[in-house]
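Peer 1: So the number in this note's numbering is just where the residue sits in the sequence shown, counting from 1, plus 13.
Take this structure, written in structure tokens, and hold onto it; I'll ask about it next.
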Amino acid sequence: MNIGFDVRFLHFGLAKPASGGNVGGIGTYQKNLIPELLRLDASHIYTLFTHRHLPLAPLQAWLAGSLPQADVDSRVKFLPLEREVYLPVLDKSLGRMLRRFQAVYQHNARVNASDVHLVHLNQDQGHQWKLGGKKTVVTVYDLIGEVLGLYTATSAQRERELIYACWRSAGAILAISEATKRDLIDRVAIDAHRVHVTLLDTDRIVFKPRTDAEVQTLREQLASQLPAELPYFVHVGGIFHSKNTANLVRAFAQFKKETGSNAVFVFAGVPAKYAATELAELRALSKSLHIENEIKLVPPLAADDLSRLYAGAIANVHPSLYEGFGLTLLEAMASGTAVITSNAGSMPEVAGDAGVLVDPKNIADISHAMHMVSSQPDRRQAMIEKGFHQLKRFSWEHCARRTLDVYRSLA
């Protein structure tokens with residue numbers, strides 16, 4: 014079977030010189046899953062949908078580093094797609110319609126003319142495709158817009174209904190956690206038998222326990238943001254509303270006030286280009302709480318550096334309001350770091366009994382967890398050991414085997 018796989022998220026991440034190889038959540042999923050699919054079942058060919066305007070070299074290098082070249086040459090094809098044109102229109106809803114029109118009549122023509130039998134799509138792209146008789150599988154990562162009530166504008170509600178219609182018409186849906194599966198059943202009325210859970214993993218080659226010397230080297234590299242003598246907590250990823258950044262900063266301020274700790278808080282991987290408003294709000298809040306000098310911002314790091322940053326932290330603090338999975342929890346546990354996370358969404362499922370679960374809306378709860386982990390080294394070490402045990406629940410091989418089972422069921 015020839016399986017089409019839309020890897021434009023991954024392609025974009027690999028081709029960005031400033032990313033340091035950090036390809037985001039969807040890119041991480043594709044980067045690790047596709048080599049496993051190719052390794053486990055030699056009967057399929059994969060046609061990767063790519064960006065025509067980006068060089069193929071980064072994708073080819075990734076494949077060459079993951080698989081024997083003979084497999085790449087014989088079983089991987091590329092189907093470049095045109096860049097979507099963002100037309101300057103006054104009405105945003107009209108702009109989305111025009112972009113969809115372009116996608117339907119350009120992208121679909123190419124895919125429909127290809128010899129692809131089954132198309133594997135990402136959750137927010139499926140409504141842009143009109144694939145005739147080709148079967149589809151859609152990976153749904155989260156329902157954050159639905160759960161947090163983000164679909165308020167009429168245009169957003171129309172977009173939501175188009176996306177949900179795509180999910181309902183797909184041959185099968187892959188959910189990356191049991192929590193996401195429950196949301197699909199309860200909130201979108203998807204039949205349970207059509208939703209297959211494929212738990213994710215992290216890159217165990219990169220995310221692993223680190224020596225004190227490795228951590229110290231990173232501290233020296235980040236000397237202006239991470240003073241060598243100070244302990245620190247870390248939060249990795251965006252600082253958007255769903256990440257609960259404001260409550261996290263307030264909890265850290267309360268922790269500082271109650272304990273007199275000299276710890277700082279590191280927000281890592283914040284993409285300044287795309288988060289100017291959120292950064293301004295973070296700085297204003299930390300200043301109002303008189304902790305502006307204790308909040309440190311670190312730009313996106315290469316995965317190896319990120320692992321060392323986790324390893325040196327008191328804990329990874331990730332009390333999101335909602336996550337479809339929570340890859341940073343696995344990254345931290347694999348790096349030998351204690352985890353404080355939310356009792357909402359998929360996070361209890363991912364952290365298991367290795368993490369301290371908090372009410373994300375309760376500032377005192379978050380602050381207390383930070384105090385407990387920082388003041389009880391024996392308990393912190395026990396959390397780290399439980400984290401290594403919890404990691405055994407996750408593997409890319411198992412994710413790929415479940416995915417292949419779904420492909421075969423649609424053949």
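For glycine and all other residues, C-beta sits at the position ideal for the given N, C-alpha and C.
#1: Going by C-alpha to C-alpha distance, which of Phe62, Val89 and Glu49 sits closest to Phe22?
#2: Here's the rule I'm using: 16 or more other beta-carbon atoms within 10 Å means buried, otherwise exposed. How should Leu231 be labelled?
#3: Less than 7 Å between C-beta atoms, sequence neighbours within five positions excluded: which residues of the same chain meet that for Val36?
#4: Looking at the secondary structure, which residues open and close the beta strand (DSSP E) in which Phe246 lies?
#5: The alpha helix (DSSP H) with Leu161 in it runs from where to where?
#6: Provide the residue span of the alpha helix (DSSP H) that contains Leu46, from first to last.
#7: By DSSP, does Pro390 sit in helix, in strand, or in coil?
#8: Counting along the chain, where does the beta strand (DSSP E) carrying Asp19 start and finish?
#9: How far does the beta strand (DSSP E) with His206 in it reach, from first residue to last?
#10: Using only CA atoms, which one of Ile47, Ala315 and Gly273 lies nearest to Glu410?
#11: Per DSSP, which residues does Tyr59 bridge with? Please list them.
#12: Short check: CB of Val249 to CB of Leu322, under 9 Å?
#13: Go through its chain and collect everything with a Cβ distance to Pro244's Cβ below 6 Å, but skip five positions before and after it.
#14: For Phe401, which three-state DSSP category applies?
#15: Can you tell me which of the three DSSP states Asn306 falls into?
#16: Using 9 Å as the threshold, is the C-beta distance between Pro313 and Gly282 below it?
#17: Closest to Ala205 by CA distance: which of Thr149, Asp196 and Leu213 is it?
#18: Name the DSSP beta bridge partners of Asn4, please?
#19: Assuming contact is defined by CB atoms lying nearer than 9 Å, are Gly368 and Gly400 in contact in what I supplied?
#20: What's the call for Thr341, buried or exposed, on a 16-neighbour Cβ count within 10 Å?
#21: Give a yes or no on whether the C-beta atoms belonging to Ile304 and Phe246 are separated by under 9 Å.
#22: What are the start and end residues of the beta strand (DSSP E) that includes His411?
#23: Can you give the beta carbon distance from Ala430 to Leu423, rounded, assuming they're within the 8 Å contact cut?
#24: Buried or exposed: which applies to Ser388, given that a residue is buried once 16 or more other Cβ atoms fall within 10 Å of its Cβ?
#25: Does the segment 360-380 come close enough to the segment 391-400 that 3 or more CB-CB pairs lie under 8 Å?
#26: Hey, how far is the Cα of Leu292 from the Cα of Ala55?
#27: What is the DSSP secondary structure of Ile157, counted as helix, strand or coil?
#28: Helix, strand or coil for Phe220? Go by DSSP, reduced to three states.
#29: Does the distance from the C-beta atom of Phe407 to that of Thr215 stay below 9 Å?
#30: I'd like to know if the segment 179-195 and the segment 373-386 are in contact, where contact means that at least 3 CB-CB pairs between them fall below 8 Å.
#31: Is Leu69 helix, strand or coil by DSSP?
#32: Quick one: is Thr149 buried, meaning 16 or more other Cβ sit within 10 Å of its Cβ, or exposed?
#33: CA-CA distance, Val132 and Lys147?
#34: Would you mind sorting Val102 into buried or exposed? The rule is 16 or more other CB atoms within 10 Å of its CB.
#35: I'd like to know whether the C-beta atoms of Leu69 and Phe91 end up nearer to each other than 9 Å.
#36: Residues bridged to His24 by DSSP?
Peer 2: The answer reads as follows:
#1: Closest by C-alpha distance to Phe22, out of Phe62, Val89 and Glu49, is Phe62.
#2: The residue is buried, with at least 16 neighbouring Cβ atoms inside 10 Å.
#3: Counting only Cβ-Cβ distances below 7 Å, and skipping sequence neighbours, we find Leu23, Gly26, Leu27 and Lys44.
#4: For Phe246, the enclosing beta strand (DSSP E) covers residues Tyr245 to Val249.
#5: Segment: none, Leu161 is in no alpha helix (DSSP H) and carries neither H nor E.
#6: DSSP places Leu46 inside the alpha helix (DSSP H), whose first and last residues are Gly37 to Leu53.
#7: If DSSP states are grouped into helix, strand and coil, Pro390 belongs with the helices.
#8: Counting along the chain, the beta strand (DSSP E) containing Asp19 begins and ends at Asn15 to Asp19.
#9: DSSP places His206 outside any beta strand (DSSP E), giving it a letter other than H or E.
#10: Of the candidates Ile47, Ala315 and Gly273, the residue whose Cα lies closest to the Cα of Glu410 is Ile47.
#11: Under DSSP, Tyr59 takes part in a beta bridge, and its partners are Ile16 and Val89.
#12: Their beta carbons are under 9 Å apart, which means Val249 touches Leu322 by this criterion.
#13: Taken in chain order, the residues that qualify are Ala276 and Ile327.
#14: In the three-state scheme derived from DSSP, where H, G and I count as helix and E and B as strand, Phe401 is classed as helix.
#15: In the structure shown, Asn306 falls within a helical segment according to DSSP collapsed to helix, strand and coil.
#16: Against a cut-off of 9 Å, the Cβ pair of Gly282 and Pro313 comes out as a contact.
#17: In terms of Cα proximity to Ala205, the closest of Thr149, Asp196 and Leu213 is Asp196.
#18: Nothing can be reported for residue 4, as the shown portion of the chain is limited to 14 through 424.
#19: Pairing Gly368 with Gly400 gives a Cβ-Cβ distance under 9 Å.
#20: Under this definition Thr341 is a buried residue.
#21: In this structure, Phe246 does not lie closer than 9 Å to Ile304 by Cβ.
#22: It is not in any beta strand (DSSP E) - His411 instead sits in the alpha helix (DSSP H) that spans Trp409 to Leu423.
#23: Any question about residue 430 goes unanswered here, given that the chain covers just 14 to 424.
#24: Exposure of Ser388 is indicated by the presence of fewer than 16 other C-beta atoms within 10 angstroms of its C-beta.
#25: In short, these stretches touch, since the Cβ pair count reaches three.
#26: Between the C-alpha atoms of Leu292 and Ala55 there is a straight-line separation of about 47 Å.
#27: Note: Ile157 maps to helix in three-state DSSP.
#28: Phe220: coil per DSSP, three-state reduction.
#29: The answer is yes: Cβ separation under 9 Å.
#30: The segment 179-195 vs the segment 373-386: no contact.
#31: The DSSP-derived three-state label of Leu69 is coil.
#32: So Thr149 ends up on the buried side.
#33: Answer to the nearest angstrom: the Cα atoms are 7 Å apart.
#34: Residue placement at Val102 is poorly supported in this model, since its pLDDT is 47, which falls under 50; the coordinates still yield a value, given next. Answer is exposed; the Cβ neighbour count stays below 16.
#35: A contact, by the Cβ cut-off of 9 Å.
#36: For His24, DSSP assigns no beta-bridge partner whatsoever.
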